[in-house]
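Just so we're aligned, residue 1 is where the sequence shown starts under the UniProt record's numbering, counting upward by one. As C-alpha coordinates, the structure follows; a few thoughts come after it.
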Amino acid sequence: MTADDRENANQRIDPTWDDPARVARRAEMREQMLAVVDDAGDTGDPEAAGADSAASG
1 MTADDRENAN QRIDPTWDDP ARVARRAEMR EQMLAVVDDA GDTGDPEAAG ADSAASG
(Lines of atoms letter the chains of each structure in order from A and count residues from 1; the text may use other names and numbers.)
(Lines give C-alpha, C1' and ligand atoms only; values in the text may rest on other atoms or scores of the structure.)
Protein backbone atom coordinates (compact mmCIF):
# COMPACT_ATOMS: atom_id res chain seq x y z
CA MET A 1 0.00 0.00 0.00
CA THR A 2 1.42 3.36 -1.01
CA ALA A 3 1.13 6.63 0.87
CA ASP A 4 -1.45 7.77 -1.70
CA ASP A 5 -3.49 4.62 -1.11
CA ARG A 6 -3.45 5.29 2.64
CA GLU A 7 -4.47 8.91 2.11
CA ASN A 8 -7.34 7.89 -0.14
CA ALA A 9 -8.46 5.27 2.38
CA ASN A 10 -8.33 7.84 5.19
CA GLN A 11 -10.48 10.24 3.16
CA ARG A 12 -13.05 7.51 2.52
CA ILE A 13 -13.15 6.54 6.20
CA ASP A 14 -13.30 10.12 7.52
CA PRO A 15 -13.79 12.87 4.93
CA THR A 16 -13.35 15.58 7.59
CA TRP A 17 -9.86 14.40 8.68
CA ASP A 18 -8.08 17.25 6.89
CA ASP A 19 -10.51 19.99 7.89
CA PRO A 20 -8.56 22.96 9.31
CA ALA A 21 -10.30 22.78 12.69
CA ARG A 22 -9.44 19.10 13.07
CA VAL A 23 -5.84 19.66 11.97
CA ALA A 24 -5.52 22.47 14.54
CA ARG A 25 -7.06 20.30 17.28
CA ARG A 26 -4.65 17.44 16.55
CA ALA A 27 -1.73 19.87 16.68
CA GLU A 28 -2.95 21.17 20.05
CA MET A 29 -3.35 17.65 21.42
CA ARG A 30 0.10 16.69 20.10
CA GLU A 31 1.66 19.62 21.96
CA GLN A 32 -0.13 18.62 25.16
CA MET A 33 1.00 15.00 24.85
CA LEU A 34 4.60 16.03 24.21
CA ALA A 35 4.51 18.31 27.26
CA VAL A 36 3.23 15.45 29.42
CA VAL A 37 5.95 13.12 28.15
CA ASP A 38 8.58 15.79 28.72
CA ASP A 39 7.32 16.39 32.28
CA ALA A 40 7.26 12.65 32.98
CA GLY A 41 11.00 12.53 32.35
CA ASP A 42 11.59 15.18 35.02
CA THR A 43 11.93 13.37 38.34
CA GLY A 44 12.17 16.60 40.30
CA ASP A 45 15.52 15.46 41.70
CA PRO A 46 17.93 18.45 41.57
CA GLU A 47 20.96 16.15 41.69
CA ALA A 48 19.73 14.21 38.68
CA ALA A 49 19.17 17.47 36.80
CA GLY A 50 22.66 18.63 37.75
CA ALA A 51 24.16 15.37 36.55
CA ASP A 52 22.50 15.85 33.17
CA SER A 53 23.83 19.40 32.96
CA ALA A 54 27.34 18.39 33.98
CA ALA A 55 27.40 15.51 31.53
CA SER A 56 26.30 17.68 28.63
CA GLY A 57 28.78 20.26 29.07
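Here a beta-carbon is modelled for each residue, glycine too, at the ideal position from N, C-alpha and C.
Please state if the CB of residue j and the CB of residue i are separated by a distance shorter than 9 Å.
i, j, result
"residue 19", "residue 11", "no"
Helix, strand or coil for residue i per DSSP?
i, result
"residue 15", "coil"
"residue 33", "helix"
"residue 5", "helix"
Excluding the 5 residues preceding and the 5 following residue i in the sequence, name in chain order all residues of the same chain whose CB lies nearer than 7 Å to its CB.
i, result
"residue 16", "22"
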